[in-house]
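Take a look at the structure set out below.
Number of protein chains: 2
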Amino acid sequence: MMHFEELINTIKERRKMLRVTQESLAELSGVGLRTLKQFESGKGNPTLLTLQKLADVLGLEVCLKLKNVSRSK
Amino acid sequence: MMHFEELINTIKERRKMLRVTQESLAELSGVGLRTLKQFESGKGNPTLLTLQKLADVLGLEVCLKLKNVSRSK
DNA sequence: TCAAATAGAGCAATATAATGCACTATTTTA
DNA sequence: TAAAATAGTGCATTATATTGCTCTATTTGA
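Going down the list, the protein sequences come from chains E and R.
Reminder that position 2 of the first sequence reads as 2 in our numbering, one-by-one numbering, no gaps.
Reminder that position 45 of the second sequence reads as 45 in our numbering, one-by-one numbering, no gaps.
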């Protein structure tokens, strides 16, 4: 899924920016380390709850925004 | 989960604004009708893929944004 | 450079999301 | 206000997300 990557990168970059390891983020968020590893490495299709838990610790939140309609793509 | 509701409402309202029934949205998105019903009725914890499929048809996209840090809440 | 820290993956068990079917409840509309 | 359309739920099955354990690969820093 093309759009997954954007979310993955946001999480990954944000985590690194905050200098948090996968292990720490897993603990802090209550998400299993294995689950986080899978998500960040592009395997996996997390549940909304899992994504929210991760985002929350990183000071992010999941949202829905209008797609850019006028793209010539 | 408090924050789920916001996402649910966004989906639900957007769907209604576009005058699309659950049945249509389910078909168009490729998500099972049962799954959509559960999500909109507040039961359920959809996978990111499911959420994206629904959002996509409605002209929305899942994103991560910075949380409002300075809230006295 | 090489040892420690961090990240990724195989395997297997368990929890739960996704789904369809059939039915009920609610809403819409003629 | 009654019929039709739309939305919500119980039950059961299947698919798959989550998890821990263990091991390997990669990255980092002294």
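All C-beta atoms, glycine included, are put in the ideal place defined by N, C-alpha and C.
Check: Stretch-stretch touch, CB-based, cutoff 8 Å, three pairs: the region 50-66 of chain R with the region 4-17 of chain E; Outcome: yes
Check: Stretch-stretch touch, CB-based, cutoff 8 Å, three pairs: the region 27-38 of chain R with the region 35-42 of chain E; Outcome: no
Check: Amino acids of chain R, ordered along the chain, whose beta-carbon sits closer than 8 Å to that of Thr47(E); Outcome: Asn45, Pro46, Thr47 and Leu48
Check: Residues of its chain near Ser41(E), where Cβ-Cβ distance is below 6 Å and the 5 sequence neighbours each way are ignored; Outcome: none
Check: Local Cβ density within 10 Å of Lys73(E), reported as buried at 16 or more and exposed below that; Outcome: Residue placement at Lys73(E) is poorly supported in this model, since its pLDDT is 43, which falls under 50; the coordinates are not used for a value here.
Check: Endpoints, beta strand (DSSP E) assigned at Lys65(E); Outcome: Leu60 to Leu66
Check: Helix, strand or coil at Thr21(E) [DSSP, three-state]; Outcome: coil
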